[in-house]
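Contents: one structure, followed by commentary.
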Amino acid sequence: MQASTISCPSHESARWEASPLDLEAYLERIGYRGPLTPTLGTLRALQRAHLAAVPFENLEIVTGGEIRLDLASLEDKLIRRRRGGYCHEQNLLFGTVLDRLGFRVAARGARMLVGEESRRLTAMNHTMLVATVEERDWLVDVGVGHVGPREPVPIEAGVEVRHGRWEYRLERSPVGLWLLRHRRHDGWFNIYQFGDAPYYRADAEIHNYHVSHHPDSPFVRRIVAQHNGAEERLGLADLELTVVRPGAEPERHELEAAELVDVLRERFGLLLEPEQERILRRRAESLAAAAADERPGN
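Listed below in structure tokens is the structure:
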């Protein structure tokens, strides 16, 4: 059995803002009506329900908004306005929910690989969770888009798990970190690596600011929306919609500029403010015009 790596840090930056959480509103948002006892079954069911209801997206950034990680802002955006978010938002909210329900849970920082060689030590820029349930540590992540696990993954070298028809593996990387991998149609795909060091809200704040403001960040440069479904996964990058099914090569569809807002609403469940829709339409038209200029003969 893998020994627990979660400590109980006393510093306020490591504590969850669980007491003011509107738990009933969150459970209504994800459509969850199951048990709330802090068991592995509850954790699995909550993770699946969250992923079904809350998409991964960066639309606040590309429409000129600001990403804030305090609990009131997370509740307003992800629960009341029924929007999605990226890792720092989703996992901090989910960790707060788990803490409120009595789970022993801590945040961790991860280094995204997204297919890169595991010997490469990339910058830490991802927020994830580790929960201790039934005397075992589990990787929990609701914020890694359409490649992420749908259920907890036991933190144990060489473990392979199936979440429905999706497969994951956890092993030790060449640089001594935990390496999360996902089996795609073309083999194992490196998602990220992480260690056991404590991770605080201040760390998440710094990483959040960097990825939401740095000009090289994909969340600044591109329109991004993803959904991690049980049978089908969706990924939107600017005007390209990708549909992924277990074991199959991805299907890629080029969208017309006029389709973008409808696809966000109908395929990802994202309801935006009228001004945000106008900004996205203008951006989509610019993307379509630039693509047309690059075609041969123009």
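Each residue of the sequence shown is one higher than the one before, starting from 7 at the first, in the numbering used here. Backbone N, C-alpha and C define an ideal beta-carbon position, used for all residues, glycine too. Here the structure is a predicted model, which means the values were calculated and not measured.
- Nearest neighbour of residue 209 by Cα position, chosen from 279, 69, 93, 224, turns out to be 93.
- Between residue 130 and residue 259, the C-beta spacing is not below 9 angstroms.
- Less than 9 angstroms divides the Cβ of residue 166 from the Cβ of residue 174.
- If you check the CB distance, residue 133 and residue 149 come in under 9 angstroms.
- A Cβ-Cβ distance of about 4 angstroms is found for the pair residue 59 and residue 36, placing them in contact under the 8 angstroms criterion.
- By the criterion of a C-beta distance shorter than 7 angstroms, residue 225 is surrounded in its chain by 64, 67, 92, 217, 218, once the five residues flanking it on both sides are discounted.
- Ranked by Cα distance from residue 44, the first of 108, 80, 263, 98 is 108.
- Assignment of residue 148 by DSSP, reduced to helix, strand and coil, places it in the coil class.
- Bounds of the alpha helix (DSSP H) holding residue 284 are 280-300.
- In the assembly as shown, residue 207 is a buried residue. Its beta-carbon has 16 or more other beta-carbons within 10 Å.
- Apart from sequence neighbours up to five positions away, the residues of its chain that approach residue 164 with a beta-carbon distance below 6 angstroms are 177, ordered along the chain.
- Considering only 82, 247, 222, the residue with the shortest C-alpha distance to residue 231 is 247.
- Closest by C-alpha distance to residue 61, out of 118, 228, 294, 85, is 85.
- Counting the other CB atoms within 10 Å of its CB gives residue 221 a total below 16, which places it among the exposed residues.
- Under DSSP, residue 40 forms no beta bridge with any residue.
- The three-state secondary structure of residue 91, taken from DSSP, is strand.
- Between residue 121 and residue 196 a beta carbon distance of about 6 angstroms is seen, short of the 8 angstroms cut, so the two are scored as contacting.
- The Cβ-Cβ distance between residue 200 and residue 273 does not fall below 9 angstroms.
- Counted as a single uninterrupted DSSP element, the stretch harbouring residue 237 is not any beta strand (DSSP E), since DSSP gives it neither H nor E.
- The beta carbon of residue 271 lies closer than 7 angstroms to those of 277 in the same chain, with the five residues before and after it left out.
- Counting only the Cα atoms, residue 204 lies some 22 angstroms from residue 125.
- Counted as a single uninterrupted DSSP element, the alpha helix (DSSP H) harbouring residue 212 occupies residues 207-219.
- Distance from the CA atom of residue 300 to the CA atom of residue 245, rounded to whole angstroms, is 15 angstroms.
- Secondary structure note for residue 45: it is in no beta strand (DSSP E), with a DSSP letter that is neither H nor E.
- Per DSSP, the unbroken beta strand (DSSP E) holding residue 197 starts and ends at 193-200.
- If you ignore the 5 residues before and after residue 28, its C-beta comes within less than 8 angstroms of the C-beta of 81, 85, all in its own chain and listed in chain order.
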